[in-house]
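Notes follow once the structure below has been shown.
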Amino acid sequence: MGESKTVTESDSPRKVALVASCLLNQNAKVCQGANYPGVVSPVVEALRSRGYLLQQLPCPELAFAGARRWWAVYEQYDTPAYRAHCRRLAQAIAPLIEKYLRHGDEVILIGLDGSPSTGVRFTSSQPQWGGRPNRPEDDWEIVPRRGIWIEELEAELARRGLPALPATGWALDMGRFDEAGARRDLEQFLDARENRGSREDPVT
Amino acid sequence: MNDARGWRVALVPDRLLNAPQPVSAALPDVLRVLEASRYGILQLPPAGEHSLLLAVIADQAAEYSHHGYAVVAIGIHGEPGNGLHWRRLAPLLRHRGVALPPRHIIRPELDATAEGERLTAFLSEYDLPLEERRRWRV
Numbered sequence: 001m002g003e004s005k006t007v008t009e010s011d012s013p014r015k016v017a018l019v020a021s022c023l024l025n026q027n028a029k030v031c032q033g034a035n036y037p038g039v040v041s042p043v044v045e046a047l048r049s050r051g052y053l054l055q056q057l058p059c060p061e062l063a064f065a066g067a068r069r070w071w072a073v074y075e076q077y078d079t080p081a082y083r084a085h086c087r088r089l090a091q092a093i094a095p096l097i098e099k100y101l102r103h104g105d106e107v108i109l110i111g112l113d114g115s116p117s118t119g120v121r122f123t124s125s126q127p128q129w130g131g132r133p134n135r136p137e138d139d140w141e142i143v144p145r146r147g148i149w150i151e152e153l154e155a156e157l158a159r160r161g162l163p164a165l166p167a168t169g170w171a172l173d174m175g176r177f178d179e180a181g182a183r184r185d186l187e188q189f190l191d192a193r194e195n196r197g198s199r200e201d202p203v204t
Numbered sequence: 001m002n003d004a005r006g007w008r009v010a011l012v013p014d015r016l017l018n019a020p021q022p023v024s025a026a027l028p029d030v031l032r033v034l035e036a037s038r039y040g041i042l043q044l045p046p047a048g049e050h051s052l053l054l055a056v057i058a059d060q061a062a063e064y065s066h067h068g069y070a071v072v073a074i075g076i077h078g079e080p081g082n083g084l085h086w087r088r089l090a091p092l093l094r095h096r097g098v099a100l101p102p103r104h105i106i107r108p109e110l111d112a113t114a115e116g117e118r119l120t121a122f123l124s125e126y127d128l129p130l131e132e133r134r135r136w137r138v
């Protein structure tokens, strides 16, 4: 199959979307947190229809706290052990991202807004949280901040001398989920990039 | 609160998710088939050295396998290791106590529609035994 690669495939800059693990696999979500059976179709449709290749990021929470974990806020995951785990994951995926960037590809990041780990524009916060979860009485705030996984991933890319990636989040973990609003938001982000009409300079 | 998860996960080569033209024209739209079959995706990297990333993927696959999820692998004929990095991934899975997932291989040289139907049948026919499903899927 390698022999059949075309010049276009090998040489042309591509558009690559790094996507939060759970956007391709809702089984990664915390207990009671899955809104779709598997693939989050509106995100995938929006990206594919604009010519983006998909690159799934690992799910840091699944590999750390397991498939049967409860929900948590930023402060609960903000521990040295979890950050070290996220750094290991970042070191695992960063070489691929670096390859895309050094090839001159346009790379964007689609996280999960409201997530303590994968939030891009927003994460969930409640310094007092602890112990047994108590839904729906539990209350938390949405604050404008990266999640811990995204912080560590961006730090790893910066360590490699790579530029900050244009990023947004699919607003799945913001409390009440509004799919139509989230879709509009994502499409605006993607269309704004299309309308810029030029790519960033390739990384050299 | 309802939870919509499908309890099914497929290991999928990068080549099947991001097939370039003209390769993609000869393939079924695997992403769409998986979506319709209620499967989530664990994407495998393109060809190359990805030792750490494969270990991370094996960790995730093991977590699913140990907790009531049906895990399958979908390969592509003609790619080294069927695009699944199988020579490296299989020992990583075994080391984590995971029985190797059933594999389905897409054949690009055959009719894409028929291959899509064959994939759909494979996905819909596979699941864990009833007692395992009852144990975990509450």
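Chains A and B, in that order, are what the protein sequence lines are. Mapping to my numbering: the first sequence position 162 is 162, numbers consecutive. Mapping to my numbering: the second sequence position 68 is 68, numbers consecutive. Beta carbons are placed, not taken as given, at the ideal position from N, Cα and C, and that holds for glycine.
- Along the segment 60-139 of chain A, the alpha helix (DSSP H) occurs as fully enclosed runs of 4 or more residues at 60-65, 74-77, 80-102, listed in sequence order.
- The alpha-carbon separation between E194(A) and L162(A) amounts to approximately 22 Å.
- Sorting L54(A), P80(A), E152(A) by C-alpha distance to the C-alpha of S117(A) places E152(A) at the top.
- Distance from the CA atom of A164(A) to the CA atom of E154(A), rounded to whole angstroms, is 7 Å.
- The C-beta separation of V12(B) from Y64(B) comes to about 14 Å, leaving the pair out of contact by the 8 Å criterion.
- If you draw a straight line from the Cα of N2(B) to the Cα of P136(A), it is about 13 Å long.
- Annotation: G97(B) has no Cβ neighbours in chain A at a cutoff of 7 Å; minimum Cβ distance is about 14 Å.
- Interface criterion not met: the Cβ of N82(B) is under 8 Å from no Cβ in chain A.
- Exposure of Q128(A) is indicated by the presence of fewer than 16 other C-beta atoms within 10 angstroms of its C-beta.
- Secondary structure remark: continuous alpha helix (DSSP H) runs of at least 4 residues inside the segment 13-78 of chain B, in chain order: 14-17, 30-36, 51-65.
- Distance between L24(A) and L54(A), taken at the CA atoms: about 9 Å.
- If you check the CB distance, I41(B) and G75(B) do not come in under 8 Å.
- Inter-residue distance for R133(B) and A28(A) is about 17 Å (C-alpha atoms, whole angstroms).
- The count of Cβ pairs closer than 8 Å, one atom from the segment 107-115 of chain A and one from the segment 164-178 of chain A, reaches three, so the stretches are in contact.
- Annotation: Cβ neighbours of L31(B) in chain A (cutoff 9 Å, chain order): L24, V39, V44, R48, L54.
- With a threshold of 8 Å between beta carbons, R69(A) makes no contact with chain B.
- Of S21(A), C31(A), E45(A), the smallest CA-CA separation from E187(A) is found for E45(A).
- P28(B) sits close to E115(B), with the two beta carbons spaced by under 8 Å.
- With a cut-off of 8 Å on Cβ pairs, the segment 83-91 of chain A is not in contact with the segment 34-52 of chain A, counting fewer than three such pairs.
- R196(A) and F189(A) have their C-alpha atoms roughly 11 Å apart.
- Chain A has no Cβ within less than 8 Å of the Cβ of V72(B).
- Linking G78(B) to P80(A) through their CA atoms gives a straight-line distance of about 44 Å.
- Of the residues assessed, S51(B) falls on the exposed side of the cut-off, its CB having fewer than 16 other CB atoms within 10 angstroms.
- Each residue's CA atom was taken as its position, placing A167(A) and L109(A) some 5 Å apart.
- Identification of chain B residues near P58(A) by a Cβ-Cβ cut-off of 8 Å yields L53, V56, I57, Q60, ordered along the chain.
- In chain A, no part has a C-beta under 8 Å from the C-beta of E115(B); the shortest such distance is about 16 Å.
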